[in-house]
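Structure first, commentary second.
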């Protein structure tokens, strides 16, 4: 059974300070770094808060927002947060569950 991931992703982003959040969003915009995942356009992220960022990641990455988050956090050397998300493994397919409430 799929787990709902938004709270875990939001919790991790809430642990990032303002500058770290900007860095996280910068990685999401960078097509070369994000490959094979698609980059999120800068115009969508420039006014995004933490909740908006989670929503954009779920919309863009479908079943992979947790993997994308772990990839970006690894690039930022935030290994403690990567480990915390790894402990929440199994929620990658949450969008199947949550989309029925949209």
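Numbering (full-length UniProt numbering), first residue to last: 1 to 102.
Built from N, CA and C at the ideal position, the CB exists for glycine as well.
Q. Which two residues bound the contiguous alpha helix (DSSP H) that contains residue 43?
A. Per DSSP, residue 43 belongs to the alpha helix (DSSP H) from 42-45.
Q: Compare the beta carbon distance of residue 81 and residue 15 with 8 Å and say whether it is the shorter of the two.
A: In this structure, the beta-carbon distance from residue 81 to residue 15 falls below 8 Å.
Q. Thinking C-beta only, is residue 13 closer than 8 Å to residue 54?
A. Less than 8 Å divides the Cβ of residue 54 from the Cβ of residue 13.
Q. Which residue spans inside the UniProt domain "Pyrin" (1-91) form an unbroken alpha helix (DSSP H) run of at least 4?
A. The qualifying runs are 6-14, 18-29, 31-34, 42-45, 50-61, 65-75 and 79-87.
Q: Measuring only between beta-carbons, confirm whether residue 48 sits less than 8 Å from chain D.
A: No chain D is present in this structure, which holds just one protein chain.
**Q.** Straight-line Cα distance separating residue 32 from residue 1
**A.** Caution applies to residue 1, whose pLDDT of 28 falls short of 50 and renders its modelled position unreliable; the value that the coordinates give is listed next. Between the C-alpha atoms of residue 1 and residue 32 there is a straight-line separation of about 34 Å.
Q) Pick from 75, 22 and 83: whose alpha carbon is nearest that of residue 47? A) Cα-wise, what sits closest to residue 47 is 22.
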